[in-house]
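The block underneath contains the structure these notes are about, expressed in structure tokens.
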Amino acid sequence: MKKLLQIALGILAAIGGFVDIGDLVFNVEAGATFGYQLLWVVVVGVVGIIVYSEMCGRVAAASKRPVFDAVRERMGFGVGAGVLIASQFVNLMTLAAEIGGAALLLELLAGLSYRGLIVVAVIGLGVAIWVLPFDWIERVFGYMGLCLLVFVVGAIKLQPDWGAVGHGFVPHADTGNFLLYAYFAVGLLGAAMTPYEVYFYSSGAVEEGWTPKDLGLNRANSMIGYALGGVLSFALMITAGALYLPKSIEPQFIGTVALAADVPLGTIGLILALVGMLFAVGGAAIDTCLSGAYNVSQFFGWEWGKHRRAAAAPRFTLSWIVLLVLAFGVVMTGIDPILLTEYSVIFSVVALPLTYLPILLVANDKAYMGRYTNGRLANVFGLIYLAIIMVISLTAIPLMILTNGGTG
Amino acid sequence: MQRLRGLLAAVLVLALAACGGSPHKNIESVQSLATEGALLARQSEHGDATTVFVRVHAGYLKQEANKLAHALAGQRELRASRVASAVARDLERLRHGAAVSADLERLAGRAERLAK
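Protein chains in written order, with our numbering: chain A, 1 to 408; chain B, 1001 to 1116.
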């Protein structure tokens, strides 16, 4: 019974923690531009993150070591350093975007100045990381992120054409602007498979002391949690497709995302949407920040982990503080967080092979995994996704330039 | 080396071309802002949104409308620029609680006709 409860709580946290600012921006923009046509891409992205998260969790449970540790050891300093630099660059951009998004959401809730709220957001995140134990971080932000389910209710209340919604799960492109369609497809995949997610998942498994006995928990968390989390992405896209596409509204602001819940559900819908988005974005900011500190600590072989006191892992603690301060500096330059989100997602797509190839290699390494190496199914999916990742990483930047950053 | 320079130049040209919207794109954006403003205004008039949300979100929409008004004036699309300025004025009134949904819908219609 206790085990079932643990699984249920983990799944709930995974659902609430699935969405970050990249998902919010790309799903709503895609829905407003192409209606339901890109729903199938969300399915592809969700299956991808399930496949690789399960692999990462298995690596952590079998070897008791996180993926980055294994990457450094098995692939050498040069490759490891390349992966580290790319992932830290993407992490910093993503963290800055999440902090900016959190400040914008606080502004929409409280009406205070955006710059002042950036300071509030950074202090709040810093205190949360410092004070809360690992599982509390996961649960507080994951459970509060469940407020985003308001978009599921909103999507139903808007009474979309369910036939067209169903057709959206079948790959097709009824558009005269195929480049823009491809840009959003790449962005949606990038938002669903952001590198920090797998690094955080893997390190989290070590933080929580997973063993091979927890492989069932790993599968349940990654498969059910992420799959249900994907429903939030569907809801965001369907809401935007039903509300904004017919009115030719191009969402450019985070407030436009919240307005999509306000129109069908009124003030209560608006408040739930804003609170859910705030916690989803705040949780993602913490995941990104810790992920950066995990990566650098694991690469250099420092003591790391939230389960250790700050004094017992000083360089790990300093790493996340430095990342938070750097991201604060980036947001304070006045850069538009939505624009930064789009760039961070597209640059994360470019770095995806550097994240996912090493995971696949380590998960196939018998010396590391023993009898828990990838089975045939995991390898087939892993290779298919690696091919997809290679293609989108090569096309991401050209598409961003050719579509003027998705504005057509 | 020359090939690399050529490639870099091509990327730069594409990047520069990507900066700033065409007049048609800008007019479409004005229509989008006016329509979204009208939607927000209607929610506000029905008491279906918090005053803080309306004030802050209308502020962002207004800023963008002002930017578009300047851009369109620079592109010699003076009628469209005037529509964008009117949208910005209505959004400023919305920030202070005025009922402007009908005005913004009318302006969205004008922007749509100009875009055609």
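We put the CB at the ideal spot given by N, CA and C, even for glycine. Treat the numbers as computed from the prediction; the structure is a model and nothing was measured.
Which chain A residues sit within Cβ distance under 8 Å of B:Leu1040?
In the second sequence, residue 1040 of chain B corresponds to position 40, counting from 1. By Cβ distance, chain A contributes Leu259.
Hey, how far is the Cα of A:Gly305 from the Cα of A:Phe134?
In the first sequence, the residue the question calls residue 305 of chain A occupies position 305. In the first sequence, the residue the question calls residue 134 of chain A occupies position 134. Going by the C-alpha atoms only, they are around 9 Å apart.
Minimum Cβ-Cβ distance from B:Glu1036 to chain A less than 8 Å:
Here residue 1036 of chain B refers to the residue found at position 36 of the second sequence. Cβ-Cβ to chain A under 8 Å: yes for B:Glu1036.
Are the CB atoms of A:Val90 and A:Val362 nearer to each other than 8 Å?
Here residue 90 of chain A refers to the residue found at position 90 of the first sequence. Here residue 362 of chain A refers to the residue found at position 362 of the first sequence. Not in contact: A:Val90 and A:Val362 (Cβ atoms no closer than 8 Å).
Would A:Val412 count as contacting chain B if we go by Cβ distances under 8 Å?
Residue 412 of chain A cannot be examined here, being either before or after the span of chain A that is shown, 1 to 408.
Does DSSP classify A:Met400 as helix, strand or coil?
Reading the first sequence from its first residue, position 400 is the one you call residue 400 of chain A. Helix at A:Met400.
By Cβ distance below 6 Å, which residues in the same chain neighbour A:Ala284 in space, the five residues on each side in sequence not counted?
Within the first sequence, residue 284 of chain A is the residue found at index 284, counting from 1. Excluding sequence neighbours, A:Ala284 sits near Asp20, Glu98.
Mind checking whether A:Leu270 and B:Ala1049 have CB atoms under 8 Å apart?
Counting from one through the first sequence, the residue named residue 270 of chain A turns up at place 270. Counting from one through the second sequence, the residue named residue 1049 of chain B turns up at place 49. Result yes, Cβ atoms of A:Leu270 and B:Ala1049 sit closer than 8 Å.
Throw me the rounded Cβ distance for the B:Arg1055 and B:Arg1095 pair, which I believe falls under 8 Å.
By 1-based counting over the second sequence, the position of residue 1055 of chain B is 55. By 1-based counting over the second sequence, the position of residue 1095 of chain B is 95. That belief holds up - the Cβ atoms of B:Arg1055 and B:Arg1095 are roughly 5 Å apart, short of 8 Å.
Since I believe A:Ser53 is in contact with A:Tyr226 (beta carbons under 8 Å), could you give me their beta-carbon distance rounded to a whole number of angstroms?
For the purposes of this step, residue 226 of chain A is taken as the residue at position 226 of the first sequence. For the purposes of this step, residue 53 of chain A is taken as the residue at position 53 of the first sequence. Contact flag correct, Cβ pair sits at about 7 Å.
Looking at the C-beta of A:Ser319, does it have a partner C-beta in chain B at a distance below 8 Å?
Your numbering for residue 319 of chain A matches position 319 in the first sequence. By this cut-off, A:Ser319 is not an interface position.
Where A:Met55 falls: helix, strand or coil (DSSP)
Here residue 55 of chain A refers to the residue found at position 55 of the first sequence. Helix.
Do you know how far the Cα of A:Gly116 is from the Cα of A:Ile254?
In the first sequence, the residue the question calls residue 254 of chain A occupies position 254. In the first sequence, the residue the question calls residue 116 of chain A occupies position 116. Cα to Cα, the separation comes out at about 18 Å.
Tell me the rounded alpha-carbon separation between A:Met193 and A:Ile129.
Numbered from 1 along the first sequence, position 193 holds the residue referred to as residue 193 of chain A. Numbered from 1 along the first sequence, position 129 holds the residue referred to as residue 129 of chain A. C-alpha separation (whole angstroms): 23 Å.
In chain A, what lies closer than 7 Å to B:Ala1049 by C-beta?
On the second sequence, residue 1049 of chain B is found 49 positions in, with the first residue counted as 1. Around B:Ala1049, the beta-carbon contacts reaching into chain A at under 7 Å are Asp262, Thr267, Leu270.
Unbroken alpha helix (DSSP H) run spanning A:Tyr343, endpoints:
As a first step, residue 343 of chain A is located in the first sequence; it is residue number 343 there, counting from the start. From DSSP, the alpha helix (DSSP H) with A:Tyr343 extends over 337–363.
Per DSSP, what kind of secondary structure is A:Asn177 in: helix, strand or coil?
Looking up residue 177 of chain A in the first sequence gives position 177. In the structure shown, A:Asn177 sits in coil (DSSP, three-state: anything other than H, G, I, E or B).
For B:His1024, would you say it is in contact with chain A, using Cβ-to-Cβ distances shorter than 8 Å as the test?
Within the second sequence, residue 1024 of chain B is the residue found at index 24, counting from 1. Not one chain A Cβ lies under 8 Å of B:His1024.
Any contact of the stretch 324–340 of chain A with the stretch 349–360 of chain A, i.e. 3+ C-beta pairs under 8 Å?
Taking 8 Å as the limit for Cβ pairs, the verdict is that the stretch 349–360 of chain A does not touch the stretch 324–340 of chain A.
In whole angstroms, give me the CA-to-CA distance for A:Tyr183 and A:Gly154.
Counting from one through the first sequence, the residue named residue 183 of chain A turns up at place 183. Counting from one through the first sequence, the residue named residue 154 of chain A turns up at place 154. Spanning the two alpha carbons is a distance of roughly 27 Å.
Along chain A, which residues have their Cβ under 8 Å away from the Cβ of B:Val1052?
Taking the second sequence and counting its residues from 1, one reaches residue 1052 of chain B at position 52. Chain A residues near B:Val1052: Leu108, Leu109, Ala110, Gly111.
B:Ala1108 versus A:Gly176 - alpha carbon distance:
Position 108 of the second sequence holds residue 1108 of chain B. Position 176 of the first sequence holds residue 176 of chain A. Those two C-alpha atoms are separated by around 24 Å.
Continuous alpha helix (DSSP H) stretch holding B:Asp1103: start and end
Numbered from 1 along the second sequence, position 103 holds the residue referred to as residue 1103 of chain B. Note, B:Asp1103: alpha helix (DSSP H), 1101–1115.
Check the C-beta distance from A:Gly45 over to A:Leu188 and give it rounded, since I have them as a contact under 8 Å.
In the first sequence, the residue the question calls residue 45 of chain A occupies position 45. In the first sequence, the residue the question calls residue 188 of chain A occupies position 188. Sure, about 6 Å apart at Cβ, within 8 Å.
Suppose you measure from the CA of A:Val43 to the CA of A:Leu92; what does that come to, to the nearest Å?
Position 43 of the first sequence, counted from the start, is the residue given in the question as residue 43 of chain A. Position 92 of the first sequence, counted from the start, is the residue given in the question as residue 92 of chain A. Their backbone Cα atoms lie some 27 Å apart in a straight line.
N- and C-terminal bounds of the alpha helix (DSSP H) containing B:Gln1063:
Numbered from 1 along the second sequence, position 63 holds the residue referred to as residue 1063 of chain B. Per DSSP, the continuous alpha helix (DSSP H) segment holding B:Gln1063 begins and ends at 1051–1074.
Would you say B:Glu1077 reaches chain A, if we count a Cβ-Cβ gap shorter than 8 Å as a contact?
Locating residue 1077 of chain B in the second sequence gives position 77, counting from the first residue. No, B:Glu1077 lies away from the interface with chain A (no Cβ there is under 8 Å from its Cβ).
Straight-line CA distance for A:Phe151 to A:Phe300?
The count along the first sequence starts at 1 and reaches residue 151 of chain A at position 151. The count along the first sequence starts at 1 and reaches residue 300 of chain A at position 300. In this structure, the straight-line span from the alpha carbon of A:Phe151 to that of A:Phe300 is close to 42 Å.
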